[in-house]
Structures are given as C-alpha cells and as structure tokens.
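Report on one structure; see the data block that follows.
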C-alpha cells in the first residue's frame, strides 16, 4: 500500500473512531451522566430536607458543578440553626461518585470531602450532640456509610463561658465492616472567662482507631503533644482508649504506666499506677514560680498505687506501696521513705513507714 493510501486509510479510521466516540457520548454516556446528575440532585434534596426537618437547620449553597469524571462540587455551603447561633460554613463540599453503582442510588456516593469548613456550635444546640435531641431516629443519611475526608476544618464550641476550638482538622472517617475508622489530626485550644485555675491552654492531638456503628465498642490511640497552658507545660502523652461492655479504659505505657477505667453500669472508677522515680517535673513544667510550693515539684515516687472509687456510694478503697522522696516547705529537710498503706475515706492502715 502506498504512503498516500495509508494516510487516507488512517484518516478514515480516525474519523470513524471520532464518530463512534460522539455516538457513544450522546447516546450512552450522556444519558448515563444525566441519570447520575438526577440521582445526585435527588439525594441532595432528600439529605437537605432530612436535616432541615429533623434537626432544625437551614441549608444553602452558592452553586453545584456538573459531574466531571467522578466528582461533583458544591461551593460556599452554609448550614445554620433556625433558633440559635450554630453555623457551619464550607468553601467546598465535594462528592465522589461510584459510577458502577448508577443503578443503586443509595450506594452511589463514595466519599465526601469537606475543605475549608468553619463550624460554630452554640450552647443551645449542645443537646443535639449529647443524646437529648428529639430528632427522627429512623433518619438514614447517605453519608453515614461512606468515607468523609476533612481538610482545614475548624470547629468552635461556645458553652457556658467556656470556648473550645479544634483548628485545622485534617484526616478521614471511613465506614467498613460495621465500624467507623477514624484518623484525625487537629489543634485543640481552650479558654474561659471564669475564675478557674487554668484559664487557657492548647495542645495538638492525633486520634487513630475505630468505633463500632452501634457505639458499643471503641478502640483508639490518642496522642497529645505540645501541650501548653497559662500555668505551665505538660509532657506529651500517648494514650490507648478502649470502650467495651459499658467500661471505658485509658492506658499508657510511658515511664509512668497507668490504667484508668470507669464502669458506666455501677459507677466504679479504678486507677492503677506503676512507676520508677517519677517526679512532678517529669510531667509538668510550671510557667511561673509558686513560692514555697516550688520545692514540692522536686518530689518523686517509685512504686504502685491502686484505687477503687464508687461515685454513687462515695466509697473509696486504696492501696499504695513503694518509695517516696518528699521535698515539702512544711519539712525542715527532704525525706526519703518506703511505705505501704491501705485505707478508705474513714481510716488508713500503715504497714510500714521508714525513712
């Protein structure tokens, strides 16, 4: 075949390919895209209606982009409370679509990305988040079974003269096998106008773990670092937090090994501590001088402590055994002593105490 004929044949093939593509686009893909757009609009309208009717919020947005590949974007979304000052502003609310689920509308939304969101929660709406709301418990929001991605999201809670803020939240919440898997980072800050010991503080947090969908099981690692307050700096903490069978447990494997558990059924609080030469300054560095109490910060403890407290009956049992170095302004000289004590709120038995 001559070069000229080959070029003509190639042009014919390209033209036919283009015509087939146009035919497919207009007769197959375009109707499919239109169907997806209609499903998204229906889902959006149902979601907005559910939130507005069940929780008393008004939802507005500036624009919704057409479906581009597998994503659709709502810009400048505002969710505000009808009766209070609670407000959520989101610059970009992006929906990722699973095109293979086009005939299953309830599963079509694959993920939601919230970018540059600001959430201000008024104290009057706190009941919505602590289980006292009157919302429709049968409501089924589509985003509960997908992945939620957050970028530069800020949350501010103003409650009874206390302001708590989570700034620059980044990470994701993903639903899988009846669990919500959480991986979030943020900066937590706190301040109050009340006359309390700590008026303001801040820390960086990282949460990584999961919670069961029916809220009966939680297992997560909770890191707290760069913690500062107006009274001093606290050491970085690496905590494991569990919740199972109505019992909340917090554990640490640092220099001071401790375990705290709270039984929601019988209101028992259990605390155990084990450490070697652990001092107050290992965990807390004061911002300012406390006068005569400064010497107390040099005290240290080696040994174990076990404590059981029942909140309902105000009953306390404790046992401690070990060695203590005490530098107190009430003592002429620092003392070092070994001890073993057992007691409750009414009495204490000292098995031995020497120094």
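In the numbering used here, the protein residues as written are 1 to 355.
Built from N, CA and C at the ideal position, the CB exists for glycine as well.
Drop a sphere of 10 angstroms on the beta-carbon of residue i, count the other beta-carbons inside from all chains shown, and report buried for 16 or more, exposed for fewer.
i	result
residue 157	buried
residue 337	exposed
residue 196	exposed
residue 79	buried
residue 81	buried
residue 186	buried
residue 198	exposed
residue 153	buried
residue 72	buried
residue 141	For residue 141, the predicted model reports a pLDDT of 41, less than 50, meaning its position is unreliable; a value from the coordinates is still stated below. Per the 10 Å Cβ criterion, exposed.
residue 177	exposed
residue 333	exposed
residue 273	buried
residue 90	buried
residue 169	buried
According to DSSP, simplified to helix, strand and coil, what is residue i?
i	result
residue 60	strand
residue 297	helix
residue 280	helix
residue 53	helix
residue 236	coil
residue 146	coil
residue 230	coil
residue 207	strand
residue 198	coil
residue 98	coil
residue 42	helix
residue 164	strand
residue 265	coil
residue 288	coil
residue 259	strand
residue 244	strand
residue 177	coil
residue 327	coil
residue 339	strand
residue 118	strand
residue 319	strand
residue 132	In this prediction, residue 132 scores a pLDDT of 43, lower than 50, which makes its location untrustworthy; the coordinate-derived value is nonetheless stated afterwards. Correct three-state label for residue 132: coil.
residue 344	strand
residue 274	strand
residue 65	coil
residue 308	strand
residue 183	strand
residue 249	strand
Here's a check: name, in chain order, each residue in its chain whose Cβ is nearer than 7 Å to the Cβ of residue i, leaving out the five neighbours to either side.
i	result
residue 243	217, 218
residue 285	232, 233
residue 65	72, 73
residue 171	150, 183, 184, 185
residue 161	192, 193, 194
With a cut-off of 8 Å on the beta carbons, I'd call residue i and residue j a contact; round off their distance for me.
i	j	result
residue 299	residue 280	6 Å
residue 182	residue 173	5 Å
residue 155	residue 119	4 Å
residue 307	residue 271	4 Å
residue 362	residue 175	Summary: the structure shown does not reach residue 362, with the chain confined to residues 1 through 355, and so no result is reported for it.
residue 230	residue 200	5 Å
For residue i, which residues of its own chain have a beta-carbon under 6 Å away from its beta-carbon, when the five flanking residues on both sides are left out?
i	result
residue 309	269, 316
residue 189	165, 202
residue 211	180, 218
residue 311	267
residue 246	264, 265
residue 87	80, 120
residue 241	220, 222, 250
residue 227	203, 234
residue 63	75
residue 60	78
residue 356	The chain is shown from 1 up to 355; residue 356 falls before or after that span and cannot be answered.
residue 324	301, 337
residue 287	231, 232
residue 297	280, 281
Residue i and residue j: beta carbons closer than 8 Å?
i	j	result
residue 249	residue 257	no
residue 208	residue 192	no
residue 110	residue 96	yes
residue 113	residue 151	yes
residue 205	residue 194	no
residue 238	residue 261	no
residue 225	residue 236	yes
residue 327	residue 302	no
residue 74	residue 57	no
Using a Cβ-Cβ cutoff of less than 8 Å, which residues in the same chain neighbour residue i once the five nearest sequence positions on both sides are dropped?
i	result
residue 255	275, 276, 278, 282
Is the closest heavy atom of the ligand FMN to the C-beta of residue i under 7 Å?
i	result
residue 262	Absent from the structure shown: the ligand FMN. Ligands present: none.
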